[in-house]
Amino acid sequence: PEAADLRSLAKHLYESYLKNFPLTKAKARAILSGKTNDNAPFVIHDMKSLLEGEQFINCCHLPHQGQQRESTGATLTELQREVELRFFHSCQSRSAEAVSEVTEFAKSIPGFSILDLNDQVTLLKYGVIEVLSIMMAPLMNKDGTLISYGQIFMTREFLKSLRKPFSDMMEPKFEFSVKFNMLELDDSDMALFLAVIILSGDRPGLLNVKPIEELQENVLHSLELHLKTNHPDSLHLFAKVLQKMTDLRQLVTHHVQVIQLLKESEVDLCLHPLLQEIMRDLY
Amino acid sequence: LKEKHKILHRLLQNSTSPVDL
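If you're matching them up, the sequences are chains D and U in order. Here the first sequence is numbered in our numbering, starting from 270 and rising by one per residue. Here the second sequence is numbered in our numbering, starting from 166 and rising by one per residue.
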């Protein structure tokens, strides 16, 4: 009966994952390998293709300053600067949507919603960037990443070519993702792993750690059993997956440092209010 | 803490996800 409960938990979290996250790993890998009936993604590999592909990116509510300036004779460098900032803003909008999706997923974890509300906030504040970073992995390969719900493929070289510190933002995620993807987790494994990350009892400022650790232990048991069943030939996979949690924390620390640098160096930069809340006093 | 994280708090309290993101 205990194993049945753990399987039922795995099934429940997988269903919630499919409900809340629009681009699954299965779909992303199909797009990346060209095995989909949909159109191939639009490739952004330089500033020109970024401008051409911009209509696909969800930034409609932001003023298109670059396009306005283009007609008034702004220099190429100024335009490039504005395009980079605009792209960064559209990434922020998508990130804020993704935080909302992760929140809904967290709420579906059995027992999460009856935790102290302050602790729910803390778990999300510290967990959400880790979750979003791990969810980028299925969208990436060594050459680039899918964005905009898989409609666009942006090359790693282009992201590296942006001016600092924008150029420093994605490279550590590529390095992490290429290694993480070698574990070959599928969406059902990912659902359990995300729940484990969210239910971390060592987040700073938690008021009542015990119930969180109890919930996490249950999900960990479910993950261990699920990985044994789903990947019978992959030795020590459970341990390897858990080891990734250490790398994830380093990844988030780096991300927060880059955002700090951006806030100092970019006068035009305006962080999304939800992301500001999450970043404030984080590490 | 929830006072300093009004949007996160609202996301947690609302039964559906769409908020003024």
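Where is the CB? At the ideal position from N, CA and C, for every residue including glycine. In this text, all values refer to a predicted model and were calculated from it rather than measured experimentally.
- Residue-level contact by beta carbon fails for S377(D) and chain U, as no gap is shorter than 8 Å.
- In the assembly as shown, M404(D) is a buried residue. Its beta-carbon has 16 or more other beta-carbons within 10 Å.
- The DSSP-derived three-state label of M423(D) is strand.
- Runs of beta strand (DSSP E) with 3 or more residues, each lying fully within the stretch 506–541 of chain D, are absent.
- The beta carbon of L463(D) sits no closer than 8 Å to any beta carbon of chain U.
- Taking a contact to require three or more Cβ pairs closer than 8 Å, the stretch 452–459 of chain D and the stretch 362–370 of chain D do not qualify as touching.
- Leaving aside the five residues that flank E546(D) on each side, the residues in its chain whose CB is nearer than 8 Å to its CB run, in chain order, K394.
- N410(D) is bridged by DSSP to G413(D).
- Per DSSP, reduced to three states, the secondary structure at I378(D) is coil, with no helix or strand assignment.
- V312(D) is bridged by DSSP to F422(D).
- Secondary structure at H490(D): helix, using DSSP grouped into helix, strand and coil.
- Close CB contacts of K167(U) within its chain, under the 7 Å cut and outside five residues either way in sequence, are with H174 (chain order).
- With respect to chain U, the C-beta atom of T391(D) has a partner C-beta closer than 8 Å.
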